[in-house]
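Quick note on numbering: the UniProt record's numbering labels position 340 of the sequence shown as 340, and the sequence is numbered without any gaps. A virtual CB, placed ideally from N, CA and C, is assigned to each residue, including glycine. Every value quoted in this text rests on a predicted model; they were computed, and no experiment measured them.
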Amino acid sequence: MVTPPPKESPLLDYVQNKPDVETPLRKLRRERLKGRGGDVYISPRAKATPRATDDFDLTAKVQEFLASDKKVFLVLGDSGAGKSTFNRALEVNLWDNYDKINGRIPLFIHLPAIEKPERDLIAERLRKVNFNENQIMELKLHREFILICDGYDESQQTQNLYMSNDLNQPGQWRAQMIISCRTEYSGVEYKDRFQPTDRNNGGSTGQFQEATISPFNKEQTQDYIRQYESLARSSWGSEDYLRALEQIPNLQDLVKNPFLLKISLEVLPRLLKTNTDFSSTRITRVQLYDEFVAQWIDRGKIRLNEMELSPYDKRTLKRMTDSGFQQHGITYLKELVKAIYEHQNGNPVIHYSEHDDRRTWKEAFFSDRDGSHLLRE
1 MVTPPPKESP LLDYVQNKPD VETPLRKLRR ERLKGRGGDV YISPRAKATP
51 RATDDFDLTA KVQEFLASDK KVFLVLGDSG AGKSTFNRAL EVNLWDNYDK
101 INGRIPLFIH LPAIEKPERD LIAERLRKVN FNENQIMELK LHREFILICD
151 GYDESQQTQN LYMSNDLNQP GQWRAQMIIS CRTEYSGVEY KDRFQPTDRN
201 NGGSTGQFQE ATISPFNKEQ TQDYIRQYES LARSSWGSED YLRALEQIPN
251 LQDLVKNPFL LKISLEVLPR LLKTNTDFSS TRITRVQLYD EFVAQWIDRG
301 KIRLNEMELS PYDKRTLKRM TDSGFQQHGI TYLKELVKAI YEHQNGNPVI
351 HYSEHDDRRT WKEAFFSDRD GSHLLRE
């Protein structure tokens, strides 16, 4: 008697052909942890809202969020406040403590590098780190993620990415989202762009949390300088830096911003001798401002080169780069400052509407024509 062949088992077929996701996850973890740990890092403090007065440790607050049922944590901050630095440090911490059996997968997503973040956020990022479609489907069906979405403002987004990607809906990706955005980009009704809402009545679900990064306090500044001294090859010691920051007029206010503090520590030894009476020098501050401006513009150019630009914007950026991007940026800033003083009596807060401000002085600086929007980045 011939034994009939066994019937095909869907479960057996699935087990035999189940995509391997652990190998690419291990590779992703190695790549994301490679070369980390050699930079100066001070855990930021933050406030519950932009107008709050009391602050707290941001890392601890995000860890509380990750242990809760909330779904979206918005990190706001001025340009250079340390949003991206915090996001990367958070990613490293999560990968360091990753449990492949039960753990959620940390996924850092630089939003400007994603072509369609409003619809294909997670899958597109996974494709970029060499996951195939079967592996992506396996992760979608059986794993959870912690999304660290960096640079919402730089991606020129207006959509609520949590809602447009149907996160945590039946059959969709399961994830908590940490997302960062510049404070000045957020607008009056900024929460609408980030918080989860009830799909039936449009109301808030209570699953949203936010924090605004605070400027460095004195202790954070001192800690940063001590770390910098131990890592950088500088002719100055921490006492030299602290004396300069205390004596150069108005410099302490500037270095409450971590990025400007970093630039100051790099620039000061090139501009000053340690035996200088810092309080009596006038040119140093001007030179620092010039260096700040040059560094900001160079940083903006690097960011633009990393973004997904339209063909027209790519040609415009190339033209500006060929003829001197830094000079274009300096000219733009000088003309803008002049216009602010002429038309707003020096008030730097500008409200611009593409419809209402046509043919006004604002159009030359804030419309998308002639590449001015690239210089604003």
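Check your understanding: Which one of L375, L76, G38 has the shortest CA to CA distance from A232?
Key -> G38
Margin query: Is the separation between the beta-carbon of T183 and that of L76 shorter than 7 Å?
Written below: yes
Any beta-carbon of chain C closer than 7 Å to the one on I179? Included in the structure is just one protein chain, with no chain C present.
Exercise. Where DSSP assigns a beta bridge to R45, which residues make up the other side?
Worked result: D57
If you count every other CB in all the chains shown that lies within 10 Å of the CB of H328, and 16 or more means buried, which is it? buried
A211 and L58 - do their beta-carbons sit closer together than 7 Å? yes
- Query: With distances taken between CB atoms, is the gap from P44 to I213 smaller than 7 Å?
  - Reply: yes
Note to self: Check whether the region 158-172 and the region 96-108 are in contact - that is, three or more C-beta pairs closer than 8 Å.
What the structure shows: no
| Rounded distance between the beta-carbons of Y241 and K196, thought under 8 Å | Here residue 196 turns out to be Pro, not Lys, going by the sequence shown. With 8 Å as the limit, P196 and Y241 do not qualify as a contact, their Cβ atoms being about 44 Å apart.
Okay, do the region 214-227 and the region 101-112 touch, 3+ Cβ pairs below 8 Å being the bar?
no
- May I have the straight-line CA-CA distance separating residue 432 from G151, to the nearest angstrom? Because the chain spans 1 through 377 in this model, residue 432 falls outside it and cannot be assessed.
**Asked** Taking Cβ to Cβ, would you say I136 is nearer than 7 Å to P106?
**Response** no
query = Taking buried to mean at least 16 other C-beta atoms within 10 Å of its own C-beta, is R359 buried or exposed?
reply = exposed
Express the C-alpha separation of R319 and F325 in angstroms, rounding to a whole number. 9 Å
_Less than 7 Å between the beta carbons of F292 and I330, yes or no?_
no
| message | Could you pull the DSSP bridge partners for P74 from this structure? | response | Position check: residue 74 holds Leu in this sequence, whereas Pro was assumed. According to DSSP, which records beta bridges pairwise, L74 is partnered with I179, E210.
> Just checking, does the region 78-94 make contact with the region 243-262 on the three C-beta pairs under 8 Å criterion?
Replying inline: yes
Quick one: residues in its chain with C-beta nearer than 6 Å to the C-beta of residue 424, no 5 flanking neighbours on either side, listed in chain order?
Residue coverage of the chain in this structure runs from 1 to 377, which leaves residue 424 outside it and unanswerable.
Cβ-based neighbour list, L94, same chain, cut-off 7 Å, excluding 5 preceding and 5 following:
P106, I146
Ends of the beta strand (DSSP E) at residue 384? Past the boundaries of the shown model lies residue 384; the chain is included only from 1 to 377, so the question cannot be answered.
**Asked** Which residues share a DSSP beta bridge with D150?
**Response** H110
**Item:** Chain-order list of residues whose beta-carbon lies under 7 Å from that of Y62 (same chain, five-residue window excluded)
**Value:** According to the sequence provided, residue 62 is Val. The question's Tyr does not apply to it. So the list reads F73, L90, I178, once near-sequence residues are dropped.
Flag this pair as yes or no: are the beta carbons of D153 and C181 separated by less than 7 Å? yes
Item checked: Identity of the residues DSSP links to residue 381 by a beta bridge -> Given a span of 1 to 377 for the chain in the structure shown, any question on residue 381 remains unanswerable.
For G371, tell me which candidate among R26, S310, K334, A339 has the shortest Cα-Cα distance.
S310
Notebook entry, point to check: What does T197 pair with, by DSSP beta-bridge criteria?
Noted result: S204
Look at R104 and E144 and say whether their C-beta atoms are less than 7 Å apart. yes
Exercise. Between the C-alpha atoms of I283 and I122, what's the straight-line distance to the nearest angstrom?
Worked result: The predicted model places I283 with a pLDDT of 42, which falls under 50 and marks its position as unreliable; any figure quoted below should be read in that light. So the two alpha carbons sit approximately 50 Å from each other.
message: According to DSSP, is I283 part of a helix, a strand, or is it coil?
response: Here the model assigns I283 a pLDDT of 42, short of 50, so the residue's position is not dependable and the matter cannot be decided.
query: If you draw a straight line from the C-alpha of K34 to the C-alpha of S230, how long is it?
result: 21 Å
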